[in-house]
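One structure is given below, encoded as C-alpha cells.
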Amino acid sequence: MIALPPLAPPGVLTSDGHDAAICCFPTKQQYVALVDAFKNDGFEMCVDLCGVDYLEFPTRQLPSGVTPTRFEVVVNLLSLSRRERVRIRVQAGDDEPEVDTLFDVYPGTEALEREAFDMFGVLFTNHPDLTRILMPEEWEGHPLRKDYGSGRIPVQFKQTPGPR
Amino acid sequence: MALEDLQHNFLTGRIEDLVRWARRASVWPASFGLACCAIEMMATGGADFDIARFGMEVFRNSPRQADLMIVAGRVSQKMAPVLRQVYDQMMEPKWVISMGVCASTGGLFNNYAIVQGVDQIVPVDVYAPGCPPSPETLMHAILTLHETIRTGDILKRRDEGRPLHLAHDQSSWTPEVPVAVRVGTPK
Amino acid sequence: MIDDTVRVAERIDLLTAETSEGEQGLQSRASTSSGQLRREVGAVLRLDGKTLDPSSIDYEVRDDETMIINMGPAHPSTHGVLRLMLELDGEFVLRTKPVVGYLHTGMEKTGEELSYVQGGTNVTRMDYLSPVINELSYSMAVEKLLGIEVPERAVWIRMLMSELNRVCSHLVWMATNGMDLGASSMMIYGLRERELILAFFEKTAGLRMNLNYVRPGGVAADLADGWQDDVTVICDTIHDRTFDYDQLLTGQPLFRQRMVGVAPITAEEALALGLTGPLLRSTGVPWDLRRTMPYLAYDQVDFDVIVGTYGDNFDRYAIRLNEIRESIRIVRQCIEKMPSGDYRSQDPKVTPPPRARIGESMEALIHHFKLFTEGFQVPEGEVYSAVESPRGELGCYLVADGGAKPYRIHVRAPSFVNLQAIPLLMRGGTVSDAITVISTVDPVMGEVDR
Ligand code: SF4
Chain A
114 MIALPPLAPP
124 GVLTSDGHDA
134 AICCFPTKQQ
144 YVALVDAFKN
154 DGFEMCVDLC
164 GVDYLEFPTR
174 QLPSGVTPTR
184 FEVVVNLLSL
194 SRRERVRIRV
204 QAGDDEPEVD
214 TLFDVYPGTE
224 ALEREAFDMF
234 GVLFTNHPDL
244 TRILMPEEWE
254 GHPLRKDYGS
264 GRIPVQFKQT
274 PGPR
Chain B
26 MALEDLQHNF
36 LTGRIEDLVR
46 WARRASVWPA
56 SFGLACCAIE
66 MMATGGADFD
76 IARFGMEVFR
86 NSPRQADLMI
96 VAGRVSQKMA
106 PVLRQVYDQM
116 MEPKWVISMG
126 VCASTGGLFN
136 NYAIVQGVDQ
146 IVPVDVYAPG
156 CPPSPETLMH
166 AILTLHETIR
176 TGDILKRRDE
186 GRPLHLAHDQ
196 SSWTPEVPVA
206 VRVGTPK
Chain C
3 MIDDTVRVAE
13 RIDLLTAETS
23 EGEQGLQSRA
33 STSSGQLRRE
43 VGAVLRLDGK
53 TLDPSSIDYE
63 VRDDETMIIN
73 MGPAHPSTHG
83 VLRLMLELDG
93 EFVLRTKPVV
103 GYLHTGMEKT
113 GEELSYVQGG
123 TNVTRMDYLS
133 PVINELSYSM
143 AVEKLLGIEV
153 PERAVWIRML
163 MSELNRVCSH
173 LVWMATNGMD
183 LGASSMMIYG
193 LRERELILAF
203 FEKTAGLRMN
213 LNYVRPGGVA
223 ADLADGWQDD
233 VTVICDTIHD
243 RTFDYDQLLT
253 GQPLFRQRMV
263 GVAPITAEEA
273 LALGLTGPLL
283 RSTGVPWDLR
293 RTMPYLAYDQ
303 VDFDVIVGTY
313 GDNFDRYAIR
323 LNEIRESIRI
333 VRQCIEKMPS
343 GDYRSQDPKV
353 TPPPRARIGE
363 SMEALIHHFK
373 LFTEGFQVPE
383 GEVYSAVESP
393 RGELGCYLVA
403 DGGAKPYRIH
413 VRAPSFVNLQ
423 AIPLLMRGGT
433 VSDAITVIST
443 VDPVMGEVDR
C-alpha cells in the first residue's frame, strides 16, 4: 500500500482499495487540494470521473468517520511513471449535490464532469461550461438517478394467436 | 406511319410498368448509419457482399439525391428530430428500411433514451430483423423492397399524412407538412 | 420579394430550432465568457504554471468576421453521429465544439436492470468495433468482485479473440480513414480483410458482431476444431496485405501531404486531457496497458509497443498499421502456446452445468434455470478494471450491492475522453484537415454516448 502524498490535506480518511492501491475519502473541502497533491506526487492523468447515486444502498461500507450521503463522485487517478492507480470518493451531498470542479487540475475532466452533471445533476462549482452533454438540451430530470424510472415501455404482443 | 417503316426494334408496355422497372433497378440509399448496424451496412457495400449487384452501391450522403433511407441502428431521442429532417429533405418517391431490432422496436434498449421503433417518426416499408442483421438479411430486405416497388402504386405520396397510427394524434411533434420541403421551394 | 426573404428566414429559424441543442453548441464570441473562450481555444493547456500565454488567444477576432458552421450529425465523415460546430475564419478553423449524445442509448441505466449474466449483451454493444474487449473489461470487473480464477485456457482464448478483434477494429479504421481521404480502394480492402476475421468469429461465437463471447468466468464456447488452421490463414493473409497498404498509402505523396505534420499534439497536452491509446502513444509516451499493467497473459507474450514521435496524423496512422502487425504476432504466439483444459471456470456459481447433464439430472436443470433467470449474487464492493482497447484505456467501474444485478455500472470510454482533443487538434488547421483529425482520433460514437 502506498502512502498519501506529502502535501495531502490532513485528516483524509483512506482505506485499502479493492483494486486500486489506495482509496481516499476526502471531505468536499479537502477534495481539490487532495487531487492537487496527488497530481504533484506524480499522478499525471485523471482517467475517470463518475457519479454514483446511493439512494437504494445507503448501507455501503465506508471507513468510520465518513458520513454517507446520497451522491458520491468517484475519481480514478493514474500514475504513468509509478504504474499505480488511486481512487478518490467524495461524498457530494444529498439533495443538491455539489463539489468543486477538477478542471483547473486536470483539464481532461471537462467532459466527464459534464456527463456526471447530465446524468446525476451533480453541480461542479466553477466548471467552465456546465451544460448537458448526452441528453437533449430541454430534457427534464437526470436519468441515472435511482428515483428516475428507466422509461421502460411494456412489450405487447399484438394479435397473438389464442390457445390452440 | 406504319410500323413496317421503322428501322429499329421497339418495346411496348404500360407506363406504370416501365416506371416501376426503372425505379426498382436504381434505388440510391442515403447513408444514414447510426450504430453497430451501420458497420454491417458498410460490410454489405464491401467486396464480399457487393450491393452493387442490385444497382445500389451509390450511397448518397446528401438526402436530396437519395431514394431510400436505411435507418441502421438505434435512434435516440436526441437524434429523432434530425432523422425526421433528413427524411423530409429526401425527394419523393422515397422508401425507408428499418435495419436491426433497435430501429424497428427499440430492441434490447427499452429505456428512456431510445425511440421505441423508428416507425413513430417516419413510415417504414421493410423491417430487417437481427442484431445486427447480417448482410444477407439486409439484402433480403432490399429485395423485398424491390418487389414492393415493382408491384406498388407509382403515384402514392407518403407525406400526405403522418405515420398511420399517429394520424389522429395532434399532440405529436411531427409537422403536418414537412417544414424542410417548404424551405427548399418557397412559394 | 422582401416578404419572401423574410418568410424564408423565418422558416430557416424554425428548421434550425427543431434540431438545435442550445447551450450545448458553440456560441458566438459575444455570448461566451472569457473563461469558456480560453478553454475553447485550448489556452488552458498552454498554461505554464499559472501564467497565460496571450498570443494563443485571438480575442481580437470579431463575431462578424467569422462564421459558425455545423457539421453532422448526419455527415459522411464524422464516423457515425458526431456533430461538430466549427468557427471558421475563411478556410481556417478557430474554435470547435463537439456536440455528442446523438446515440445516447442509456446503457448504464439498462445495465442496472440486467443481471450479471445478461450484462455482457449490454456492454458488447457499446464499442461496436471491439465488442470482445468491452466484454473483457466487464467480465474482469465481475470476476474481481467475485474473486474467482479463470482457467488458463480461457485466458488465452480471451487474448486470442481480443487481439483478432483489435486487428478487425484497426482494419475498419484503415478503411474509413482511406475513405475520408478519398482512397476508396482502401475502403474495399479493409472491409474485405475484416470479413476473414468475422467469419472466424461467426464460427466460434455464432455471431459476426456483438458476440457476447467473453462472459464472467470464462468464455461462452470452446474454439471450434481446426481453429489453428483458420487463424493461421487469417494471420498470413492479413500480414501480407499490410504491405499492400504500405504501398497504397504510406508512401503515397498525396496521402502524406494530408497526414505528415498535420494536427500535432504534445505529450503534456495529451496527458492533461487524459488521452489514451494511439493518441497518447503518438506523442512518444510508451503507455500501453498490455505492457505497463499487464492483464490476462500479456506478460507471457512477446510484442512491441509502437510509439510515435511527433504526435501528428501520420504517427497515429503508422501506429495503427503497425499495431495490426503486432497483434498478429501475439495471435501467432497464442496458437503456439494455447494450453488445454477448461474454457470456463468450473465454479458452479457462475457456470451453468454442461448441456449433457441437463437431460439426466433434475438438479442440473434447476441450477441451469436459476442461473439464467435469477443470475448469481455478487458480494458488496466496488471495482475498476481497465483494459487496452483499440482506442485506449477502456475501464469498467462496477458497484455491487450484494444482489444479482449491478448497482451501478460505469464505463470509462476512451473515445469519449479522446474527443476532447478535437478542438485542440483542429485549431488553426483548414477544414479539410478537420476531416483527417476526426478520422485519426477514431471516435466510435456508440462508446462515446453509451
Ligand atoms: S440492432 Fe443490434 S447491432 Fe443494430 S444498432 Fe441495435 S444493438 Fe446495434
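As they're listed, the protein sequences go chains A, B and C.
Heads up: the first sequence begins at 114 in our numbering, then just goes up one per residue.
Heads up: the second sequence begins at 26 in our numbering, then just goes up one per residue.
Heads up: the third sequence begins at 3 in our numbering, then just goes up one per residue.
The C-beta atom is built at its ideal place from N, Cα and C for all residues, glycine as well.
Delimiting residues of the alpha helix (DSSP H) encompassing residue 239 of chain A | Position 126 of the first sequence, counted from the first residue, corresponds to residue 239 of chain A. Careful: residue 239 of chain A lies outside any alpha helix (DSSP H) and carries neither H nor E.
Would you say residue 168 of chain C reaches chain B, if we count a Cβ-Cβ gap shorter than 7 Å as a contact?
-> Residue mapping note: residue 168 of chain C aligns to position 166 of the third sequence, counting from 1. With 7 Å as the cut-off, residue 168 of chain C does not count as an interface residue toward chain B.
Of the residues C:75, C:95, C:84, C:92, the one placed nearest residue 110 of chain B, counting alpha carbons only = Position 85 of the second sequence, counted from the first residue, corresponds to residue 110 of chain B. Checked all of C:75, C:95, C:84, C:92; the closest Cα to residue 110 of chain B is C:75.
Would the C-beta of residue 106 of chain B count as close to ligand 1, meaning under 6 Å from any of its heavy atoms?
-> For the purposes of this step, residue 106 of chain B is identified with residue 81 of the second sequence, where counting begins at 1. False, no ligand heavy atom lies under 6 Å from that Cβ.
Any idea if residue 15 of chain C is buried or exposed, counting beta-carbon neighbours within 10 angstroms, 16 or more meaning buried?
-> As a first step, residue 15 of chain C must be located in the third sequence, where it is residue number 13. When all chains shown are included, residue 15 of chain C counts as exposed.
Can you tell me the Cα-Cα spacing of residue 172 of chain B and residue 284 of chain C, whole angstroms?
-> As a first step, residue 172 of chain B is located in the second sequence; it is residue number 147 there, counting from the start. As a first step, residue 284 of chain C is located in the third sequence; it is residue number 282 there, counting from the start. Rounded to whole angstroms, residue 172 of chain B to residue 284 of chain C spans 51 Å at the Cα level.
Taking just the CA atoms, how far does residue 418 of chain C sit from residue 449 of chain C?
-> Mapped onto the third sequence, residue 449 of chain C falls at position 447. Mapped onto the third sequence, residue 418 of chain C falls at position 416. The alpha-carbon atoms of residue 449 of chain C and residue 418 of chain C are separated by roughly 7 Å.
Which of helix, strand or coil DSSP assigns to residue 48 of chain C = As a working mapping, residue 48 of chain C is identified with position 46 in the third sequence. Here residue 48 of chain C scores only 48 on pLDDT, less than 50, and its place in the model should not be relied on; the value that follows carries that caveat. Helix, per DSSP.
Taking 6 Å as the cut-off, is the CB of residue 210 of chain C close to at least one heavy atom of ligand 1?
-> Indexing the third sequence from 1 puts residue 210 of chain C at position 208. Checking every heavy atom of ligand 1 against the Cβ of residue 210 of chain C, none is found closer than 6 Å.
Residue 145 of chain B, DSSP secondary structure in three states | As a working note, residue 145 of chain B is residue 120 in the second sequence. Three-state result, residue 145 of chain B: helix.
Whole runs of the beta strand (DSSP E) within the stretch 83-171 of chain C, excluding any shorter than 3 residues | 85-91, 94-101
Cα-Cα separation between residue 161 of chain A and residue 350 of chain C, rounded to whole angstroms | Translated into the one-based positions of the first sequence, residue 161 of chain A becomes position 48. Translated into the one-based positions of the third sequence, residue 350 of chain C becomes position 348. Cα to Cα, the separation comes out at about 34 Å.
Give the DSSP-derived three-state secondary structure of residue 72 of chain C in the structure shown.
-> On the third sequence, position 70 is the one that residue 72 of chain C refers to. It is a strand residue.
State yes or no: is the beta carbon of residue 239 of chain C nearer than 7 Å to at least one beta carbon in chain B?
-> Against the third sequence, residue 239 of chain C aligns to sequence position 237. No, no contact with chain B.
Mind checking which residues open and close the alpha helix (DSSP H) that includes residue 168 of chain B?
-> As a working note, residue 168 of chain B is residue 143 in the second sequence. Per DSSP, residue 168 of chain B belongs to the alpha helix (DSSP H) from 160-176.
Is it buried or exposed for residue 46 of chain B, if we count other Cβ within 10 angstroms and need 16 for buried?
-> Here residue 46 of chain B refers to the residue found at position 21 of the second sequence. Counting the other CB atoms within 10 Å of its CB gives residue 46 of chain B a total below 16, which places it among the exposed residues.
Nearest-angstrom Cα separation, counted from residue 29 of chain C out to residue 89 of chain C = Position 87 of the third sequence, counted from the start, is the residue given in the question as residue 89 of chain C. Position 27 of the third sequence, counted from the start, is the residue given in the question as residue 29 of chain C. Between residue 89 of chain C and residue 29 of chain C, the C-alpha separation is close to 9 Å.
Locate the alpha helix (DSSP H) running through residue 129 of chain B, then write down its first and last residues.
-> Locating residue 129 of chain B in the second sequence gives position 104, counting from the first residue. Per DSSP, residue 129 of chain B belongs to the alpha helix (DSSP H) from 125-130.
To the nearest angstrom, how far is it from the Cα of residue 154 of chain B to the Cα of residue 210 of chain A?
-> On the second sequence, residue 154 of chain B is found 129 positions in, with the first residue counted as 1. On the first sequence, residue 210 of chain A is found 97 positions in, with the first residue counted as 1. Rounded to the nearest angstrom, the two C-alpha atoms are 43 Å apart.
Hey, is residue 263 of chain A's beta-carbon within less than 7 Å of any beta-carbon in chain C?
-> Numbered from 1 along the first sequence, position 150 holds the residue referred to as residue 263 of chain A. Any Cβ of chain C closer than 7 Å to the Cβ of residue 263 of chain A would place that residue at the interface, and such an atom is present.
Backbone secondary structure at residue 416 of chain C - three-state DSSP | For the purposes of this step, residue 416 of chain C is taken as the residue at position 414 of the third sequence. Here residue 416 of chain C sits in helix by DSSP.
Can residue 127 of chain B be considered in contact with ligand 1, in the sense that its beta carbon sits closer than 6 Å to one or more heavy atoms?
-> Within the second sequence, residue 127 of chain B is the residue found at index 102, counting from 1. Yes - ligand 1 has a heavy atom lying nearer than 6 Å to the Cβ of residue 127 of chain B.
What are the complete alpha helix (DSSP H) segments, minimum 4 residues, inside the stretch 336-390 of chain C?
-> 357-362, 364-375
Of the listed residues C:381, C:145, C:232, C:180, nearest to residue 437 of chain C (C-alpha basis) = Along the third sequence, one-based indexing puts residue 437 of chain C at 435. Measuring from the Cα of residue 437 of chain C, the nearest candidate turns out to be C:180.
Residue 444 of chain C versus residue 342 of chain C - alpha carbon distance = As a first step, residue 444 of chain C is located in the third sequence; it is residue number 442 there, counting from the start. As a first step, residue 342 of chain C is located in the third sequence; it is residue number 340 there, counting from the start. Spanning the two alpha carbons is a distance of roughly 37 Å.
In or out: residue 186 of chain C buried (at least 16 other Cβ within 10 Å) or exposed?
-> The count along the third sequence starts at 1 and reaches residue 186 of chain C at position 184. The residue in question, residue 186 of chain C, is exposed, as its Cβ has fewer than 16 Cβ neighbours within 10 Å.
Which two residues bound the contiguous beta strand (DSSP E) that contains residue 233 of chain A?
-> Residue numbering aside, residue 233 of chain A sits at position 120 when the first sequence is read from its first letter. Note, residue 233 of chain A: premise wrong, no beta strand (DSSP E); alpha helix (DSSP H) at 223-233.
Does any CB atom of chain C fall closer than 7 Å to the CB of residue 112 of chain B?
-> Along the second sequence, read from residue 1 onward, the residue named residue 112 of chain B stands at position 87. Chain C, which has no Cβ nearer than 7 Å to the Cβ of residue 112 of chain B, makes this no.
Helix, strand or coil at residue 406 of chain C according to DSSP, with G and I counted as helix | Reading the third sequence from its first residue, position 404 is the one you call residue 406 of chain C. Residue 406 of chain C falls in the coil class under three-state DSSP.
Do residue 275 of chain C and residue 206 of chain A have their CB atoms nearer than 7 Å?
-> As a working mapping, residue 275 of chain C is identified with position 273 in the third sequence. As a working mapping, residue 206 of chain A is identified with position 93 in the first sequence. Cβ atoms of residue 275 of chain C and residue 206 of chain A: not closer than 7 Å.
Spatial neighbours of residue 42 of chain B in its chain, beta-carbon cut-off 7 Å, leaving aside the 5 residues before and after | Sequence index remark: in the second sequence, residue 42 of chain B carries index 17 (1-based). Within the same chain, residue 42 of chain B has no close Cβ partners at all.
Ligand 1 heavy atoms versus the CB of residue 60 of chain B: any closer than 6 Å?
-> For the purposes of this step, residue 60 of chain B is identified with residue 35 of the second sequence, where counting begins at 1. Yes.
Give the interface partners of residue 137 of chain B over in chain A, defined as CB-CB distance under 7 Å, in chain order.
-> On the second sequence, residue 137 of chain B is found 112 positions in, with the first residue counted as 1. Within chain A, the residues near residue 137 of chain B are 256, 263, 264.
Would you kindly report the start and end of the unbroken beta strand (DSSP E) that includes residue 137 of chain A?
-> Taking the first sequence and counting its residues from 1, the one referred to as residue 137 of chain A is at position 24. First-last of the beta strand (DSSP E) with residue 137 of chain A: 135-138.
Exposed or buried, what is residue 179 of chain B when buried is set at 16 or more other beta-carbons lying within 10 Å of its beta-carbon?
-> Within the second sequence, the letter at position 154 stands for residue 179 of chain B. By the neighbour-count rule (16 or more Cβ atoms within 10 Å), residue 179 of chain B is not buried but exposed.
Looking only at its own chain, which residues have a Cβ that is under 6 Å from the Cβ of residue 309 of chain C, when we skip the five neighbours before and after it?
-> Along the third sequence, read from residue 1 onward, the residue named residue 309 of chain C stands at position 307. Excluding positions up to five away in sequence, the list reads 283, 286, 288.
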